[in-house]
Every structure is written in structure tokens, then in C-alpha cells.
Amino acid sequence: MVNAQNKTVIKDIICRHSSVKFDDFSEDLRLLEDFRIAGDDAEEFLKDFSLTLKVDISEVKFSDYFPEESSPEMHYFFALLDSKFKKSKFFRSVAYCESVLWSIFSSRRSYMTVTVGHLLDFSQKGKWAFN
73 MVNAQNKTVI KDIICRHSSV KFDDFSEDLR LLEDFRIAGD DAEEFLKDFS LTLKVDISEV
133 KFSDYFPEES SPEMHYFFAL LDSKFKKSKF FRSVAYCESV LWSIFSSRRS YMTVTVGHLL
193 DFSQKGKWAF N
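Numbering-wise (this note's numbering), the sequence shown opens with residue 73 and increments by one.
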């Protein structure tokens, strides 16, 4: 029961911090890749998640999970995603070129994935912990 309530609360929090909407809100959806929550939005999301569900995020190292706002890494990451998933071949090509350009300035680092399922687990534990 708590898990179902928390899932609804988590969905509401994500909707407040993401412009991406999904009909099927599954536990496999990812904050960064699917909801495009990054930078300042990610920081605000974490605070909202922590306060609303009483989850301790004091030991979260932000840069392990999200690129900084307007950083080359953020632009590179999203351009690379767009180059793979845009429907139009033209827009995929433009996004690919953009990702190549941003890769010059980016460290091309990867980020640890955070899913809705992880968030549910953290809300049960009361702490951001992957074990």
C-alpha cells in the first residue's frame, strides 16, 4: 500500500520538474534519460523528493547522477540522446552533429542511472542508498 502511494507521490514530483509526459509510468523510467531531469531541475527535484517523502539525500554526490546546468556534458548528453531517438532522420542528423560539436568541450562522462524503481526503494528506506 505504501509503495502504491509513494509511486503516485513520486509521479507528481517528477511531473513538477519535467516537461516530458508518459502515459505508462513504469518503474523502469529513468530520471535523466527519459524525463530529462538534469542541472538545476535535478537539484530542485532532489530537494522536493527529499522533503516530500522524508528521504535523506545528504550523501548524494550530484555529479555522479546528473550533469551540471548548461555544462558541455549536459548539452552533449541530450544531443546524443536526440541523435538516437528523434523520429525524423533530419533531426537525428542535426542532433548527431550537435553532439559531435559538444563532445569537443565535454568530458563525455557517463552518469549513474536513477529509475522510478530506485526512487520507490529510497522512499521505503528513507535514505538515498543503492544497496
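Ideal Cβ placement from N, Cα and C applies to all residues, glycine included. As the structure is a prediction and not an experimental result, all values here were calculated from the model.
Got a sec, what are the start and stop residues for the alpha helix (DSSP H) L192 sits in? In the sequence shown, counting from the first residue as 1, residue 192 sits at position 120. Segment 188-197, the alpha helix (DSSP H) holding L192.
The ligand COA heavy atom lying under 8 Å from the CB of E105: This structure simply doesn't include the ligand COA, nor any ligand for that matter.
If you drop the 5 nearest sequence neighbours on each side, which residues of the same chain put their C-beta closer than 6 Å to that of E108? Residue numbering aside, residue 108 sits at position 36 when the sequence shown is read from its first letter. The amino acid at residue 108 is misidentified as Glu; the sequence shows Arg. So the qualifying residues of the chain are V92.
What beta strand (DSSP E) runs, 3 residues minimum, are completely inside the segment 83-128? none
Distance, K159 Cα to S195 Cα: Residue mapping note: residue 195 aligns to position 123 of the sequence shown, counting from 1. Residue mapping note: residue 159 aligns to position 87 of the sequence shown, counting from 1. For S195 and K159, the distance between alpha carbons rounds to 35 Å.
What is the DSSP secondary structure of F134, reduced to helix, strand or coil? Mapped onto the sequence shown, residue 134 falls at position 62. Helix.
Close Cβ partners of V186 (< 6 Å) along its chain, the five nearest in sequence each way excluded: Looking up residue 186 in the sequence shown gives position 114. These residues qualify, in order along the chain: L103, Y137.
What's the call for N75, buried or exposed, on a 16-neighbour Cβ count within 10 Å? Locating residue 75 in the sequence shown gives position 3, where the first residue counts as 1. Exposed.
Determine the closest residue to L101 out of V188, H89, E116, with distance taken between C-alpha atoms. Taking the sequence shown and counting its residues from 1, the one referred to as residue 101 is at position 29. Out of V188, H89, E116, V188 has the C-alpha closest to the C-alpha of L101.
Nearest-angstrom Cα separation, counted from Y168 out to T124: Stepping through the sequence shown from its first residue, residue 124 is reached at position 52. Stepping through the sequence shown from its first residue, residue 168 is reached at position 96. Near 38 Å, if we compare the C-alpha coordinates of Y168 and T124.
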